[in-house]
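Enquirer:
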Amino acid sequence: MTKRVVLIGHPVAHSLSAAMQQAAFDRLGIEAAYELWDRPPAELADAIAELRTDEYLGANITIPHKERVVPLVDRQTDEAHATGAINTLTKEGKKLVGHNTDVAGFKVALDRLVGRQKMPRQAVVLGAGGGARAVVYGLIREGFQRVVVFNRHLHRGEQLVRHFGRSAAHMDLRAMPWHESIIEAELAKTKVLVNATSIGLADDASPIPAEILTPELMVLDLIYKRTRLLHDAAAAGCTTADGELMLLHQGAAAFELWTGQPAPIEVMTEALQAARADGVSSAEGEPSAAAAG
Ligand code: NDP
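Per our numbering, residue -11 is the first one in the sequence shown, and the count goes up by one each step.
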């Protein structure tokens, strides 16, 4: 029987994950089909309940459900628990286990961004959603000493900081209100900037004005396309990276959890690049510009 693996988000049009995971299943001869389920928050609990039947191997969870799915699983791994966000589900019989493979994906992306330089100790994170939680956890684990989170709705940034209270007790993790002047002042003390908002995903907007970007910054945008932010950052002389490497490695880790087999990274990379070349440039959970427009 062909097993089913689903990506649950809202919306989930044009997901690159589908291309990447299906190519991996097919290459290894695993009888599995990767499906996209567009489920608004009100339908999330029913969708998760359906996964308990035998035909499902597992799932990916994406924007905006990564935090909402936490109370719906039977067990969480340490990383899911630590972040308070789940992006991958596996099965133990009818039981659902929540994982966070974004943490592993972010680590690869951060290491590549920093390259041979010394790992910095200060970062600014824009956003406080499920993706930002993996980023902040990754920065804490990497030994960062000061991480400032800016979010449109300050209370969500504060919630994130409270969540990490104990694991961040040795360092300075704080949420600050989203004001350009405050972001600018923080960037002046920082070497790493991560965009974990969805600004720039479906349009050409940037979360921050180009003028406040300085050449010393290393800028990672979790969105997997060349966003306005990345364009501005490159023009300002910054080192830049988009979210492709994080997407690839969170996906590879999920594949290994579902199948117990090493992920065919090259096949997944090729499938991602082919999907991008075909114009699938939107992130999971968001319509592409064409679909939105
Ligand atoms: P969530 O829905 O959990 O969070 C969305 C975040 O974006 C929140 O911080 C939200 O702020 C902010 N935001 C959205 N719209 C606006 C706006 N118009 N103005 C200001 N802030 C805004 O989503 P995720 O955290 O799961 O994903 C966030 C982004 O990161 C997406 O683009 C996603 O594709 C990308 N991502 C990429 C990954 C990869 O592997 N490359 C992995 C994980 C995420 P507020 O709380 O105020 O609403």
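Glycine included, every Cβ here is placed at the ideal spot set by N, Cα and C. Values in this document were obtained by computation on a predicted structure and should not be read as measured data.
Buried or exposed: where does K79 fall if 16 or more other Cβ atoms within 10 Å of its Cβ makes it buried?
Expert: Residue mapping note: residue 79 aligns to position 91 of the sequence shown, counting from 1. Classification of K79: buried, given that the 10 Å Cβ count is 16 or more.
Enquirer: With C-beta atoms as the reference, is V135 less than 8 Å away from V124?
Expert: As a position in the sequence shown, residue 135 is number 147, starting the count at 1. As a position in the sequence shown, residue 124 is number 136, starting the count at 1. Result yes, Cβ atoms of V135 and V124 sit closer than 8 Å.
Enquirer: Which same chain residues, not among the five before or five after T227, have their C-beta less than 6 Å away from its C-beta?
Expert: Taking the first residue of the sequence shown as position 1, residue 227 is located at position 239. The residues are M206.
Enquirer: Can you give me the start and stop residues for the alpha helix (DSSP H) that E244 sits inside?
Expert: The residue given as residue 244 occupies position 256 in the sequence shown. Its alpha helix (DSSP H) spans residues 232 to 247.
Enquirer: Three or more C-beta pairs under 8 Å: does that hold for the region -11 to 2 against the region 38 to 51?
Expert: Yes: at least three Cβ pairs fall under 8 Å.
Enquirer: Between the alpha carbons of G17 and L218, how many angstroms are there, rounded?
Expert: Along the sequence shown, read from residue 1 onward, the residue named residue 17 stands at position 29. Along the sequence shown, read from residue 1 onward, the residue named residue 218 stands at position 230. C-alpha separation (whole angstroms): 38 Å.
Enquirer: Could you check if D90 belongs to the surroundings of ligand 1, using beta carbon to heavy atom distance under 7 Å?
Expert: Numbered from 1 along the sequence shown, position 102 holds the residue referred to as residue 90. It does: the Cβ of D90 is within 7 Å (strictly closer) of some heavy atom of ligand 1.
Enquirer: Please list the segments of the alpha helix (DSSP H) lying wholly inside the region 67 to 115, counting only runs of 4 or more residues, in order along the chain.
Expert: Those alpha helix (DSSP H) runs which fall completely within the region 67 to 115 and span 4+ residues are 90 to 102.
Enquirer: For Q64, count neighbouring Cβ atoms within 10 angstroms of its own Cβ and tell me buried if that reaches 16, exposed if not.
Expert: For the purposes of this step, residue 64 is taken as residue 76 along the sequence shown, with counting starting at 1. With 16 or more Cβ atoms within 10 Å of its Cβ, Q64 is classed as buried.
Enquirer: Have a look at A190, D160, R27, A184 and flag the residue whose alpha-carbon is nearest the alpha-carbon of R140.
Expert: To locate residue 140, count along the sequence shown from 1; it is residue 152. Comparing Cα positions, the closest option is A184.
Enquirer: Pick out the complete alpha helix (DSSP H) segments inside the region 168 to 214, 4 residues or longer, and give them in chain order.
Expert: 168 to 175, all fully within the region 168 to 214.
Enquirer: Cβ of V61 within 8 Å of Cβ of L77?
Expert: Indexing the sequence shown from 1 puts residue 61 at position 73. Indexing the sequence shown from 1 puts residue 77 at position 89. Yes, these two residues count as a Cβ contact at 8 Å.
Enquirer: Please name the residue in R104, A35, I128 whose C-alpha comes closest to that of M291.
Expert: Since the displayed the chain opens at -11 and closes at 281, residue 291 lies outside it and no answer follows.
Enquirer: Between the alpha carbons of Q133 and E258, how many angstroms are there, rounded?
Expert: Along the sequence shown, one-based indexing puts residue 133 at 145. Along the sequence shown, one-based indexing puts residue 258 at 270. If you take the alpha carbons of Q133 and E258, they lie about 37 Å apart.
Enquirer: Suppose the cutoff is 6 Å on Cβ atoms and the five residues either side in sequence are ignored; what does the same chain contact list for M8 look like?
Expert: Sequence index remark: in the sequence shown, residue 8 carries index 20 (1-based). So the list reads G239, M256, A259, L260, once near-sequence residues are dropped.
Enquirer: When you measure from the CB of K95 to every non-hydrogen atom of ligand 1, does any distance come out below 7 Å?
Expert: The residue given as residue 95 occupies position 107 in the sequence shown. No, ligand 1 has no heavy atom inside 7 Å of this Cβ.
Enquirer: How close, in whole Å, do the beta carbons of D230 and Y212 come, if the pair is a contact with beta carbons under 8 Å?
Expert: Here residue 230 is taken as the residue at index 242 of the sequence shown, counted from 1. Here residue 212 is taken as the residue at index 224 of the sequence shown, counted from 1. Going by Cβ atoms, the distance from D230 to Y212 rounds to 5 Å, so yes, they are a contact pair.
Enquirer: Please classify A251: is it buried, with 16 or more other beta-carbons within 10 angstroms of its beta-carbon, or exposed?
Expert: Taking the first residue of the sequence shown as position 1, residue 251 is located at position 263. Classification of A251: buried, given that the 10 Å Cβ count is 16 or more.
Enquirer: Buried or exposed: where does P108 fall if 16 or more other Cβ atoms within 10 Å of its Cβ makes it buried?
Expert: Counted from its first residue, the sequence shown places residue 108 at position 120. That one is buried.
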